[in-house]
Amino acid sequence: MAPPVVRGTAAWRYFGDVRDALLAGQVLVLQVAHPVVAAGVRDHSDYRSDPWTRLMRTVASLSIYVYGGTAGAQVEAARLRSLHRSFTGSSGGRRYSALDPAAYAWVHATLVKAPVDAQRFFGVPLSDVELEEYYAQMCGIGRLLGVRERDLPPDWAAFERYYDAMVAGFGSNPTIETLLETFRTVPKPVAWLPDSWWRAVQWGQLFLIRATLPPRLRAALGLQWTDADQRRFARFAACVRVAGRPIPAWLRTAPMRWVGKLNVWFRAHPKVYERLIGGNGPGSAQGA
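To convert, count from 1 in the sequence shown and add 20; that's the numbering used here.
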């Protein structure tokens, strides 16, 4: 039985760490490397036309899983499964469903792995004890989300073997190519942001994708990575590590924790969300 996600436990400390955001692009690429996920994103996602709204919905949903309490996670899981039930289509002459168990489990796996990778790159790697607690807690969240028990490896070592085997079977596909092009060309989110700053953000995001993708997949996608790139990334990672060292875990996770609590409240008061922010709130049937 996994311990509940409460202050001080591994999932509480690491899932919402602000440094996890540095792997956002990597996670998206890994998710759409799965052919079923790629087909669903191609046919049903609005990330190309409205990426910022899509990103905010995703962050809101993720925050609820860990920081919205068990009841909040259960309601969010039911909403997501209901939403994705309609995401069906055809790819390569075969029917697909966004609730395909293997694809659904893979999306969860990328979210499990990213905080561990973020600490490995930019913080202090989790100890074996922390890894086991963190993984047990994330399996509990996976079960709430509807991931089948048999699709959740029994421990962290088995999870890593599963993860590596999945990555080894992936290659390029049109959805990945479109996603990378979107990173290169997406308009800035606010008009006042200087163009030169936004170009730097775009370059940095693409650089971090190349830096943090598993080397096997990076090579399969034809993404160049040189010794000079590795040295540049090592310097950047060291700076992030030094800057983050004095910041306590409660502060590093505060933004995601408050987003989670706020979105649970907004879901219970959708009219308030509509008046204050406009559009559909976190309980919307229009997407995570």
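Using N, Cα and C, we set each Cβ at its ideal position, and we do this for glycine too.
- request: Compare the C-alpha of LEU200 against each of ARG39, GLN46, ALA59 and name the closest.
  value: For this step, residue 200 is matched to residue 180 along the sequence shown. Per the Cα distances, GLN46.
message: Could you give the first and the last residue of the continuous alpha helix (DSSP H) run that contains ARG105?
response: Numbered from 1 along the sequence shown, position 85 holds the residue referred to as residue 105. That residue, ARG105, is in no alpha helix (DSSP H); it is neither H nor E in DSSP.
Which of helix, strand or coil DSSP assigns to SER65: Reading the sequence shown from its first residue, position 45 is the one you call residue 65. Note: SER65 maps to coil in three-state DSSP.
- prompt: What residues in its chain sit with their C-beta under 7 Å from that of GLN222, if we drop five residues either side in the sequence?
  reply: If you number the sequence shown from 1, residue 222 lands on position 202. Same-chain partners within the cutoff: PHE203, ARG204.
query: Is DSSP giving SER81 helix, strand or coil here?
result: The residue labelled residue 81 in the question sits at position 61 within the sequence shown. The answer is helix: DSSP assigns SER81 an H, G or I state.
query: Is DSSP giving ARG168 helix, strand or coil here?
result: By 1-based counting over the sequence shown, the position of residue 168 is 148. Here ARG168 sits in coil by DSSP.
Cα-Cα separation between GLY36 and TRP218, rounded to whole angstroms: On the sequence shown, position 16 is the one that residue 36 refers to. On the sequence shown, position 198 is the one that residue 218 refers to. Taking the straight line joining both Cα atoms gives about 25 Å.
query: Should GLY113 go down as buried or exposed, given a rule of 16 or more other Cβ atoms within 10 Å for buried?
result: Residue mapping note: residue 113 aligns to position 93 of the sequence shown, counting from 1. The residue is exposed, with fewer than 16 neighbouring Cβ atoms inside 10 Å.
message: List, from N- to C-terminal side, the beta strand (DSSP E) runs of 3 residues or more that fit wholly inside the region 127 to 198.
response: none
Proximity winner among ALA59, PHE256, VAL292, relative to THR108 (alpha-carbon distances): Counting from one through the sequence shown, the residue named residue 108 turns up at place 88. Nearest of ALA59, PHE256, VAL292 to THR108, Cα basis: ALA59.
query: Ends of the beta strand (DSSP E) at ARG114?
result: Stepping through the sequence shown from its first residue, residue 114 is reached at position 94. Its beta strand (DSSP E) spans residues 114 to 117.
- request: Could you tell me which of ASN193, SER216, PRO268 sits nearest to VAL61, measuring between CA atoms?
  value: Residue mapping note: residue 61 aligns to position 41 of the sequence shown, counting from 1. The shortest Cα separation from VAL61 among ASN193, SER216, PRO268 belongs to ASN193.
Nearest-angstrom Cα separation, counted from LEU50 out to ALA311: There is no way to answer for residue 311, as the model of the chain reaches only from 21 to 308.
- request: Name the one or two DSSP bridge partners that SER110 has.
  value: As a position in the sequence shown, residue 110 is number 90, starting the count at 1. ARG115.
field: Start and end residues, alpha helix (DSSP H) containing VAL47
entry: Taking the first residue of the sequence shown as position 1, residue 47 is located at position 27. Residues 44 to 52.
- prompt: Quick one: is HIS54 buried, meaning 16 or more other Cβ sit within 10 Å of its Cβ, or exposed?
  reply: Counting from one through the sequence shown, the residue named residue 54 turns up at place 34. Buried, since its Cβ has 16 or more Cβ neighbours within 10 Å.
message: Using the Cβ count rule (16 or more neighbours within 10 Å means buried), how would you classify ARG40?
response: As a position in the sequence shown, residue 40 is number 20, starting the count at 1. For the sequence presented, residue 40 should be read as Asp rather than Arg. ASP40 is buried by the Cβ-count criterion.
query: What are the boundary residues of the alpha helix (DSSP H) that PRO268 is part of?
result: Here residue 268 refers to the residue found at position 248 when the sequence shown is read from its first residue. Taken as a continuous stretch (DSSP letters only), PRO268 belongs to no alpha helix (DSSP H), as it is neither H nor E.
query: Buried or exposed: PRO135, going by 16 or more other Cβ atoms within 10 Å of its Cβ?
result: Translated into the one-based positions of the sequence shown, residue 135 becomes position 115. When all chains shown are included, PRO135 counts as buried.
task: Could you tell me which of HIS64, GLN94, LEU48, LEU42 sits nearest to ARG287, measuring between CA atoms?
output: Residue mapping note: residue 287 aligns to position 267 of the sequence shown, counting from 1. Nearest option by C-alpha distance: GLN94.
- prompt: On the three-state DSSP scale, how would you describe THR232?
  reply: Against the sequence shown, residue 232 aligns to sequence position 212. Correct three-state label for THR232: helix.
message: Within the continuous alpha helix (DSSP H) that includes ARG33, where are the two ends?
response: Within the sequence shown, numbered from 1, the residue matching residue 33 stands at position 13. Unbroken alpha helix (DSSP H) run through ARG33: 30 to 34.
task: My understanding is that THR273 touches GLN157, with C-beta atoms under 8 Å, so please give their C-beta distance in whole angstroms.
output: Counting from one through the sequence shown, the residue named residue 273 turns up at place 253. Counting from one through the sequence shown, the residue named residue 157 turns up at place 137. That belief does not hold up - the Cβ atoms of THR273 and GLN157 are roughly 14 Å apart, past 8 Å.
query: Quick one: any contact between the region 251 to 259 and the region 120 to 132, if contact means 3 or more CB pairs under 8 Å?
result: no
message: Using a 10 Å radius around the Cβ and a threshold of 16 neighbouring Cβ atoms, would you call ARG295 buried or exposed?
response: Translated into positions along the sequence shown, residue 295 becomes position 275. Burial call: exposed.
query: Mapping DSSP to helix, strand and coil, what is LEU282?
result: Here residue 282 corresponds to residue number 262 of the sequence shown, with the count starting at 1. LEU282: helix per DSSP, three-state reduction.
query: What number of angstroms, rounded off, separates the C-alpha of ARG261 from the C-alpha of ALA123?
result: Position 241 of the sequence shown, counted from the first residue, corresponds to residue 261. Position 103 of the sequence shown, counted from the first residue, corresponds to residue 123. C-alpha separation (whole angstroms): 33 Å.
- prompt: Can you name, in chain order, every residue of its own chain whose Cβ lies under 8 Å from the Cβ of MET188, other than the five neighbours on each side?
  reply: Position 168 of the sequence shown, counted from the first residue, corresponds to residue 188. Correcting the residue identity first, residue 188 is Ala in this sequence and not Met. For ALA188, where only same-chain residues beyond five positions count, the Cβ hits under 8 Å are ARG236.
- request: Below 6 Å CB to CB, which residues in the same chain sit around LEU241 once its five sequence neighbours on both sides are set aside?
  value: Stepping through the sequence shown from its first residue, residue 241 is reached at position 221. These residues qualify, in order along the chain: SER192.
message: So SER83 and GLY264 are supposed to be a Cβ contact under 8 Å. How far apart are they, rounded?
response: As a first step, residue 83 is located in the sequence shown; it is residue number 63 there, counting from the start. As a first step, residue 264 is located in the sequence shown; it is residue number 244 there, counting from the start. At roughly 20 Å, the Cβ-Cβ gap does not stay under 8 Å, so SER83 and GLY264 are not in contact.
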